[in-house]
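Number of protein chains: 2
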Amino acid sequence: MARFDLNRSAEMEVFVRVVDLGGFTHAGRKLRLTPSGVSKLISRLEARLGTRLINRTTRKLTLTEEGQAFYQRAVRILAEMEEAEREAASGAAPRGRLTVNSNIPFGMLHVMPLIPRFLEQHPDVTLDLVLTDTLIDLMQERADVAIRAGPLRTSRLVARKLGTSRMAVVGAPNYLARFRTPKTPADLAEHRGIGWTFPRAIRGWPFKRGDRTEEAVPPPAARASDGEAARRLALGGVGLARLALFHIGPDIEAGRLVPVLQSYNPGDREDIHAVYVGHTAPLPARVRAFIDFLAEHVRVGDPALKRAGDGRWKLVG
Amino acid sequence: MARFDLNRSAEMEVFVRVVDLGGFTHAGRKLRLTPSGVSKLISRLEARLGTRLINRTTRKLTLTEEGQAFYQRAVRILAEMEEAEREAASGAAPRGRLTVNSNIPFGMLHVMPLIPRFLEQHPDVTLDLVLTDTLIDLMQERADVAIRAGPLRTSRLVARKLGTSRMAVVGAPNYLARFRTPKTPADLAEHRGIGWTFPRAIRGWPFKRGDRTEEAVPPPAARASDGEAARRLALGGVGLARLALFHIGPDIEAGRLVPVLQSYNPGDREDIHAVYVGHTAPLPARVRAFIDFLAEHVRVGDPALKRAGDGRWKLVG
DNA sequence: AATCATTTGTGACGTGAATTCAACATGGCC
DNA sequence: GGCCATGTTGAATTCACGTCACAAATGATT
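Those sequence lines, one after another, are chains L and G. For the first sequence, the UniProt record's numbering begins at 1 and goes up steadily by one. For the second sequence, the UniProt record's numbering begins at 1 and goes up steadily by one.
This is the structure:
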């Protein structure tokens with residue numbers, strides 16, 4: 001059923017056009033409407049308002065007093081509608097405030113370096129970059145995009161893969177000296193781990209055992225709210241942590257952190273995604289532009305760990 | 001052909017309702033629309049603007065930046081539309097400037113006395129009373145109502161009869177002394193008349209000859225632009241004039257003007273009408289109110305002329 | 001984890017309101 | 001008085017819009 005039988009905006013538009021052009025036929029031509037269409041529309045408007053707006057003969061149109069007042073208001077209102085829609089539609093060109101939420105390691109190391117170039121390319125965009133590792137509700141946080149590592153929870157969110165990062169379980173030398181380096185995943189039960197204060201999609205750490213992947217995790221001695229905090233804890237010798245190679249690569253090369261159980265999880269990786277809220281409606285252009293920009297420019301080096309002759313680890317590739 | 005398929009005002013209204021009530025379903029209930037209807041409408045709007053206005057899950061709605069701006073503007077625009085229509089529709093209660101055009105004799109003697117009461121009853125109406133006897137174009141003069149005596153030219157104008165006035169052909173005593181009182185209409189050819197500067201629907205003066213009505217008119221010695229001017233000319237002895245009894249009754253009773261040829265036109269009358277511009281669209285309330293007021297209160301006395309015993313004329317009835 | 005209640009999204013469909021078409025009135029101009 | 005342009009009216013037509021039924025998703029509840 002047609003509930004909205006009155007299009008006030010169309011009525012106003014036609015009315016204004018009629019007044020401007022001084023005739024139903026002229027207005028009709030401009031509006032691609034037949035004269036009779038115009039006539040009925042105006043009559044409808046007048047009937048609804050309960051008063052006459054235009055005195056008309058076949059030759060002349062004159063506005064009643066109501067008509068004049070209504071005309072002036074209508075012109076203003078139409079202009080404002082136009083502007084409102086134009087401004088809203090300007091979301092079709094990248095501009096406005098873009099809110100990005102990223103996990104801390106990736107944000108620090110891979111997103112922030114790109115920001116200057118992005119802002120340079122889109123001067124009308126201002127950017128709010130929030131770094132958190134906790135799970136967030138995109139809508140509640142009013143974030144346009146979130147960048148997350150690891151498996152995604154199913155939802156109506158759309159994820160665009162930005163890259164992959166190898167993971168490594170590491171410990172500080174002084175920690176390993178105290179607790180002995182684990183030889184098998186089962187040894188982890190005797191170790192101390194660094195966990196997370198927020199729930200992750202996977203509980204433990206994946207290790208390969210033949211063809212199968214098993215999860216194991218040392219009992220947590222501490223929990224960190226983000227990857228950087230976890231790294232610091234690991235550096236401090238609190239326990240073992242599973243972190244991204246792009247994050248702790250330098251620490252490994254410098255010998256501040258030592259990979260363990262490498263042979264059990266050589267292919268342990270986590271995908272990194274930009275996540276946003278789906279295609280039920282067109283995406284604001286600034287969001288689209290940012291995601292495209294990330295997908296194009298983010299290069300997560302995916303180095304492998306090799307043990308050098310002197311026993312030290314190197315990142316190669 | 002291109003139809004008016006977009007109803008921007010409705011879209012705005014639905015959008016605002018959704019934001020206010022915080023949900024498609026709630027808004028739908030208020031607007032007597034199904035949730036899916038609301039969903040489609042919003043999607044349509046977003047598609048047209050090319051950007052998303054509302055981030056939505058089944059549980060929460062959040063406005064995008066564009067959505068917030070659009071919401072604020074939309075609220076204002078809707079309010080202004082409301083006000084524009086309300087003000088225009090307030091033509092449904094009598095108010096505003098009412099322009100009335102009346103011929104001079106009737107206007108002076110019968111309309112003006114009623115004005116104070118009318119304005120008292122309708123305090124929001126201001127009145128422009130223009131007195132002219134010349135034919136006017138209602139629309140060109142931007143007049144709402146015209147009051148005219150005599151036959152009307154056919155047009156799309158609507159006429160409402162206000163009354164009837166007996167007419168009389170009169171001359172001043174000094175004129176009649178010089179030219180002799182006419183005994184038959186044919187005698188008028190030897191007389192001098194007072195005509196009009198503007199064309200009238202009937203050319204001459206109607207006289208009964210048996211069952212038939214003939215027209216006759218004395219050659220004009222002067223033309224007047226209005227009835228009052230004609231009366232003055234007649235009083236001055238310029239010639240014969242055909243004037244309304246309500247106009248010159250006092251002159252006749254006082255002997256300043258003398259009726260002639262009374263036996264040939266005892267029923268000579270002219271109807272007096274209020275004329276306005278037809279029912280293609282509703283009439284502004286002030287116009288309707290004024291016409292109704294006139295029709296109710298105007299009482300054109302329709303006296304007959306009687307010759308008293310002393311030879312003087314009296315108005316009776 | 002699993003169920004339930006609630007809400008939004010999608011495709012097919014039918015309705016009816018709006019527009020067109022054709023014919024007629026009106027006004028101004030020569 | 002006839003011609004041309006314009007506005008109006010009634011009936012036929014059509015196409016956008018909302019409904020319907022169903023699917024998917026979300027958050028609360030146990």
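Ideal Cβ positions, reconstructed from N, Cα and C, are used throughout, including at glycine.
Can you give the Cα-Cα distance for residue i and residue j, rounded to whole angstroms?
{"i": "LEU245/L", "j": "SER165/L", "result": "7 Å"}
{"i": "GLU190/G", "j": "PRO219/G", "result": "8 Å"}
{"i": "ALA241/L", "j": "ASP124/L", "result": "41 Å"}
{"i": "GLY267/L", "j": "PRO206/L", "result": "10 Å"}
{"i": "residue 322/L", "j": "ILE202/L", "result": "For residue 322/L there is no data in the structure shown, the boundaries of chain L being 1 and 317."}
{"i": "ASN55/G", "j": "GLY96/G", "result": "47 Å"}
{"i": "MET12/G", "j": "PHE24/L", "result": "27 Å"}
{"i": "ARG142/G", "j": "ALA69/L", "result": "15 Å"}
{"i": "LEU45/G", "j": "LEU157/L", "result": "22 Å"}
{"i": "ARG312/L", "j": "VAL258/L", "result": "9 Å"}
{"i": "MET167/G", "j": "PRO94/G", "result": "35 Å"}
{"i": "VAL75/G", "j": "ALA10/L", "result": "18 Å"}
{"i": "ASP302/G", "j": "ASN7/L", "result": "53 Å"}
{"i": "ALA221/L", "j": "GLN72/G", "result": "52 Å"}
{"i": "GLY37/G", "j": "GLY28/G", "result": "8 Å"}
{"i": "LEU152/L", "j": "ALA88/G", "result": "57 Å"}
{"i": "ASP137/L", "j": "LEU53/L", "result": "53 Å"}
{"i": "GLU65/L", "j": "VAL277/G", "result": "14 Å"}
{"i": "ARG299/G", "j": "VAL111/G", "result": "10 Å"}
{"i": "THR197/G", "j": "LEU98/G", "result": "28 Å"}
{"i": "GLY236/L", "j": "ARG256/L", "result": "10 Å"}
{"i": "VAL170/G", "j": "LYS306/G", "result": "14 Å"}
In terms of residues, what are the limits of the beta strand (DSSP E) holding residue i?
{"i": "MET167/G", "result": "158-171"}
{"i": "TYR264/L", "result": "From DSSP, TYR264/L is part of no beta strand (DSSP E); its letter is neither H nor E."}
{"i": "GLY193/L", "result": "193-196"}
{"i": "LEU127/L", "result": "125-131"}
{"i": "ALA186/G", "result": "Counting along the chain, ALA186/G falls outside any beta strand (DSSP E), and DSSP gives it neither H nor E."}
{"i": "ARG212/G", "result": "212-216"}
{"i": "ALA224/G", "result": "220-224"}
{"i": "LEU98/L", "result": "96-102"}
{"i": "ILE54/G", "result": "54-56"}
{"i": "PRO151/L", "result": "Run containing PRO151/L: none; DSSP gives neither H nor E here."}
{"i": "LEU315/L", "result": "313-316"}
{"i": "ALA209/L", "result": "The sequence as given places Arg at residue 209/L; Ala does not occur at that position. Counting along the chain, the beta strand (DSSP E) containing ARG209/L begins and ends at 205-209."}
{"i": "ALA304/G", "result": "304-307"}
For a contact defined as C-beta to C-beta under 9 Å, what are the partners of residue i on chain L?
{"i": "PHE118/G", "result": "Neighbours of PHE118/G on chain L: none; closest Cβ ~17 Å, over 9 Å."}
{"i": "PHE70/G", "result": "ALA84, GLU85, GLU87 and ALA88"}
{"i": "ALA92/G", "result": "LEU49, GLY50 and THR51"}
For the alpha helix (DSSP H) containing residue i, list its first residue and its last residue.
{"i": "THR25/L", "result": "24-31"}
{"i": "LYS40/G", "result": "35-49"}
{"i": "ALA88/L", "result": "65-89"}
{"i": "ILE252/L", "result": "245-253"}
{"i": "ILE115/L", "result": "115-121"}
{"i": "LEU235/L", "result": "227-235"}
{"i": "LEU21/G", "result": "8-21"}
Residue i versus chain G: which residues are under 7 Å apart at the beta carbon?
{"i": "THR64/L", "result": "PRO284"}
{"i": "SER9/L", "result": "ASN7, ARG8 and SER9"}
{"i": "VAL277/L", "result": "ASN55"}
{"i": "ARG148/L", "result": "Result: empty, since nearest Cβ-Cβ is about 18 Å, beyond 7 Å."}
{"i": "MET139/L", "result": "ASN55, THR57, LYS60 and THR62"}
Could you name the residues of chain G that residue i contacts, counting a contact when the two beta carbons are closer than 8 Å?
{"i": "ARG142/L", "result": "THR62"}
{"i": "GLU101/L", "result": "Inspection of the sequence shows that residue 101/L is occupied by Asn rather than by Glu. Those do not exist, as ASN101/L stays about 14 Å from chain G at its closest Cβ, beyond 8 Å."}
{"i": "LEU53/L", "result": "ALA88 and ALA281"}
{"i": "ILE77/L", "result": "ILE77, GLU80, MET81 and ALA84"}
{"i": "ALA74/L", "result": "ALA84"}
Who are the neighbours of residue i on chain G, taking C-beta pairs under 9 Å?
{"i": "residue 368/L", "result": "Any answer about residue 368/L is impossible in this case: the structure gives chain L only from 1 up to 317."}
{"i": "SER43/L", "result": "THR280 and ALA281"}
Using DSSP's beta-bridge definition, name the partner residues of residue i.
{"i": "PHE290/L", "result": "The partner list for PHE290/L (beta bridge, DSSP) is empty, contrary to what the question assumes."}
{"i": "GLU270/G", "result": "SER165/G"}
{"i": "VAL238/G", "result": "Answer is none; VAL238/G lacks a bridge partner."}
{"i": "LEU138/L", "result": "Paired residue(s): none; LEU138/L is not in a bridge."}
Mind checking whether the beta-carbon of residue i lies closer than 8 Å to any heavy atom of the ligand HEM?
{"i": "LYS208/G", "result": "No copy of the ligand HEM appears in this structure; indeed no ligand is present at all."}
Can you list the residues of chain L that residue i reaches, using a CB-CB cut of under 8 Å?
{"i": "GLY96/G", "result": "GLU65 and GLU66"}
{"i": "GLU46/G", "result": "ALA281 and PRO282"}
* Hey, is the segment 287-304 of chain L in contact with the segment 136-156 of chain L, meaning 3+ C-beta pairs nearer than 8 Å? -> Judged by Cβ distances under 8 Å, the segment 287-304 of chain L makes contact with the segment 136-156 of chain L, as three or more pairs qualify.
* Touching or not, the segment 231-241 of chain G and the segment 118-135 of chain G, by the rule of three or more beta carbon pairs under 8 Å? -> Taking one beta carbon from each stretch, the segment 231-241 of chain G and the segment 118-135 of chain G have fewer than 3 pairs nearer than 8 Å; the two do not touch.
* Pair every Cβ in the segment 274-284 of chain G with every Cβ in the segment 172-185 of chain G, then say whether three or more of these pairs are closer than 8 Å. => Counting Cβ pairs under 8 Å, fewer than three are found: no touch.
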